[in-house]
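Visitor: Residue numbers (my numbering): 1 to 260. One structure follows; several queries about it will come next.
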Ligand SMILES: C[C@@H](NC(=O)c1ccc(Cl)c(S(N)(=O)=O)c1)c1ccccc1O
Ligand SMILES: [Zn+2]
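Set out below in structure tokens:
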């Protein structure tokens with residue numbers, strides 16, 4: 001029952017195997033800035049990524065994922081809407097096809113070229129990522145929009161490694177990468193309660209979406225599209241692109257935005 005982003009297995013049919021797809025705190029959503037209520041009690045988010053280093057890069061068949069050693073609290077996000085520190089586990093991207101946009105969250109109905117998700121889990125309250133991924137306050141995802149323009153001076157470290165994980169299921173060593181080089185200058189954010197945007201779509205994510213995008217070049221984005229959805233042994237070679245879920249209904253949720 002593998003899911004994907006095609007016509008037959010894409011977001012419009014995920015509810016058949018994952019009924020929570022029609023739940024009341026699904027992600028992504030359209031963020032309407034002036035409708036987000038200003039919450040003066042919200043603190044800034046704090047990222048402690050100094051000790052963090054990556055371990056592996058892999059092609060999950062749906063995205064490219066960079067994993068981190070989450071055996072201790074060396075890299076955490078805290079503050080903002082979060083009651084505990086959340087440990088960095090992995091980051092991955094969502095993107096579109098040539099010339100069309102591929103972010104998951106939209107802002108006032110507009111989408112960006114791509115979206116980076118830094119996935120963290122609440123290791124204070126839960127013993128494993130898997131357990132946290134099914135708890136309502138289990139995960140915290142930092143969402144960062146990518147817009148096209150000049151080359152990003154650090155993204156090439158990732159795009160230069162993509163040839164090692166071209167096919168679904170491939171994994172390669174990817175040590176020493178610190179994602180703080182992918183952050184924009186401002187940590188001003190919107191926050192709301194939502195879900196994973198990929199199956200199993202658990203409603204376990206506190207979303208923190210940064211208002212300021214980072215800039216990457218069309219050439220760098222194009223390298224993401226050299227990845228394949230398909231495995232080395234498969235005869236059809238389907239380029240990995242448009243791996244994004246469209247915005248879901250708010251169903252009575254309210255968004256708030258950061259205080260600063
Ligand atoms: C594509 C990648 N997805 C995740 O690992 C994923 C995990 C947690 C969250 Cl919170 C999100 S998200 N998009 O909401 O930030 C995505 C994946 C890898 C391997 C197998 C299946 C699979 O879905
Ligand atoms: Zn994601």
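C-beta: ideal position from N, C-alpha, C; glycine also. All of these numbers come straight from a predicted model, not from anything done at the bench.
Quick check on residue 72 - is its C-beta less than 9 Å from some C-beta in chain D?
Guide: Looking for chain D here will not work: only one protein chain is present.
Visitor: Any idea which residues DSSP pairs residue 46 with across the strands?
Guide: According to DSSP, residue 46 bridges with 78.
Visitor: Residue 45 to residue 135, Cα distance in whole Å?
Guide: Using only the alpha carbons, I get a separation of about 21 Å.
Visitor: In whole angstroms, give me the CA-to-CA distance for residue 60 and residue 150.
Guide: C-alpha separation (whole angstroms): 28 Å.
Visitor: So which residues touch the region around ligand 2, with touch meaning a C-beta under 6 Å from any heavy atom?
Guide: The set, ordered by position in the chain, is 92, 94, 117, 197.
Visitor: Going by the DSSP bridge assignment, what does residue 56 pair with across the sheet?
Guide: DSSP lists 67, 173 as partners of residue 56.
Visitor: Taking 8 Å as the cut-off, is the beta-carbon of residue 171 closer than that to any non-hydrogen atom of ligand 1?
Guide: Every heavy atom of ligand 1 is 8 Å or more from the Cβ of residue 171, so no.
Visitor: Tell me which residues share the same chain as residue 247 and place their Cβ nearer than 6 Å to its Cβ, disregarding the 5 neighbours each side in the sequence.
Guide: Only 28, 29, 30, 106 meet the Cβ criterion.
Visitor: So, under 8 Å CB-CB, residue 216 and residue 148 are touching, yes? Tell me the CB distance rounded to an integer number of Å.
Guide: So it is a contact: roughly 7 Å between Cβ atoms.
Visitor: Less than 7 Å between C-beta atoms, sequence neighbours within five positions excluded: which residues of the same chain meet that for residue 231?
Guide: Cβ within range, chain order: 167, 168, 169.
Visitor: First and last residue of the beta strand (DSSP E) that includes residue 216?
Guide: From DSSP, the beta strand (DSSP E) with residue 216 extends over 214-216.
Visitor: Would you say residue 32 touches ligand 1, meaning its beta carbon is less than 8 Å from a heavy atom?
Guide: It does not: the Cβ of residue 32 is nowhere closer than 8 Å to a heavy atom of ligand 1.
Visitor: Which partner residues of residue 92 appear in the DSSP bridge assignment?
Guide: Bridge partners of residue 92: 65, 117.
Visitor: Considering residue 140, what are the terminal residues of the alpha helix (DSSP H) in which it resides?
Guide: Residue 140 -> not in any alpha helix (DSSP H); beta strand (DSSP E) instead, spanning 139-148.
Visitor: Relative to the alpha-carbon of residue 48, which residue among 70, 68, 78 has its alpha-carbon at the smallest distance?
Guide: Out of 70, 68, 78, 78 has the C-alpha closest to the C-alpha of residue 48.
Visitor: Between the beta-carbon of residue 224 and the beta-carbon of residue 32, is there less than 9 Å?
Guide: Result no, Cβ atoms of residue 224 and residue 32 do not sit closer than 9 Å.
Visitor: Closer than 7 Å by C-beta to residue 229: which residues in its own chain qualify, once you throw out the five before and the five after it? Chain order, please.
Guide: Around residue 229: 4, 61, 168, 238, 240.
Visitor: Please list, in chain order, all residues of the same chain as residue 187 whose beta carbon is under 7 Å from its beta carbon, the five residues on each side excluded.
Guide: 44, 45, 210.
Visitor: According to the neighbour-count rule (16 or more other Cβ atoms, all chains shown, within 10 Å of its Cβ), is residue 173 buried or exposed?
Guide: When all chains shown are included, residue 173 counts as exposed.
Visitor: From which residue to which residue does the beta strand (DSSP E) around residue 207 run?
Guide: First-last of the beta strand (DSSP E) with residue 207: 205-210.
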